[in-house]
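Right, one structure below, let's go through it.
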Amino acid sequence: MVFDVNETLLDLSTLDPVFADLFGDPHSRREWFASLLHWSTVTTLTGSFVDFTRLAGHCLDQLATRREIALDAGQRQRVFDAVATLAPHDDVRPALARLRAAGFTLTALTNSAQSTVDAQFANAGLDAAFDNVLSVESAGCYKPHPAAYGVALKALDATPESLRLIACHDWDVTGALRAGLKAAFVARGDGSLNAAGERPDIVGHGLADVAERIIAADQRA
29 MVFDVNETLL DLSTLDPVFA DLFGDPHSRR EWFASLLHWS TVTTLTGSFV DFTRLAGHCL
89 DQLATRREIA LDAGQRQRVF DAVATLAPHD DVRPALARLR AAGFTLTALT NSAQSTVDAQ
149 FANAGLDAAF DNVLSVESAG CYKPHPAAYG VALKALDATP ESLRLIACHD WDVTGALRAG
209 LKAAFVARGD GSLNAAGERP DIVGHGLADV AERIIAADQR A
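The sequence shown runs 29 to 249 under the working numbering.
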């Protein structure tokens, strides 16, 4: 099993109070993260890789410019400190334990820098739950580019069809499926799948539901 990290495992809504304090609007966190995903795609498509942390800083500065707010170094650092200490969703630990007990190998694959995800998992107490914690940075591109999923294939010495990506982002699910992996969609938030993308064989409301569906599918295979 290969897990996406941001929003799938870690709850970004815990950043909302920080963004509300800095920008006067908790929804500004979503605008910032959407911009970060947008620019990660732009850098991948144009072949000009920029470290995810640097990219996050650029998107934060752009948001401040749009809001006509001047952030000082301490205010910017508050955001990055909060990112490093994100809490997992409530359903994460039980679902991981259930999959581990069923015999699955657990790997995390994130667009975040390796140093960031290492700090996040150490703080959240998730590092011991995973056999591998991987960043796409060695591929020089971001998910959903096929080469990004290749990081997991190489680390696990696995074939695409032997791995299943678990994510709450429909674009990530589509990227994995089109790269030859299996996938499962965790319907967090509005829980919708864009019809322009692919629909995986497993869709569940929350990670616990997805874990049970994966185990059931494995038993039928």
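In this text, a Cβ means the ideal position worked out from N, Cα and C, and glycines have one as well.
Quantities reported herein were computed from a predicted structural model and do not represent experimental measurements.
- Taking a C-beta distance under 8 angstroms as the contact criterion, Arg192 and Lys171 do not qualify as a contact pair.
- Membership of Gly178 in the alpha helix (DSSP H) is indicated by the continuous run 174-184.
- Where Leu64 is concerned, there is no enclosing beta strand (DSSP E), although the alpha helix (DSSP H) around it starts and stops at 56-73.
- For Gln103, the CB contacts under 7 angstroms within the same chain, skipping 5 residues up- and downstream, are Leu50 in chain order.
- Residue pairing for Phe213: DSSP places it in a beta bridge opposite Ala195, Val231.
- The beta-carbon distance between Ala180 and Ser163, rounded to whole angstroms, is 11 angstroms. This is too long to meet the 8 angstroms contact definition.
- Rounded to the nearest angstrom, the gap between the Cα atoms of Asp118 and Ala236 is 10 angstroms.
- Annotation for Phe61: Leu40 place their beta carbon closer than 7 angstroms to its own, counting only its chain and skipping 5 residues before and after.
- Around the beta carbon of Thr72, a 10 Å sphere encloses 16 or more other beta carbons of the protein chains shown; the residue is thus reported as buried.
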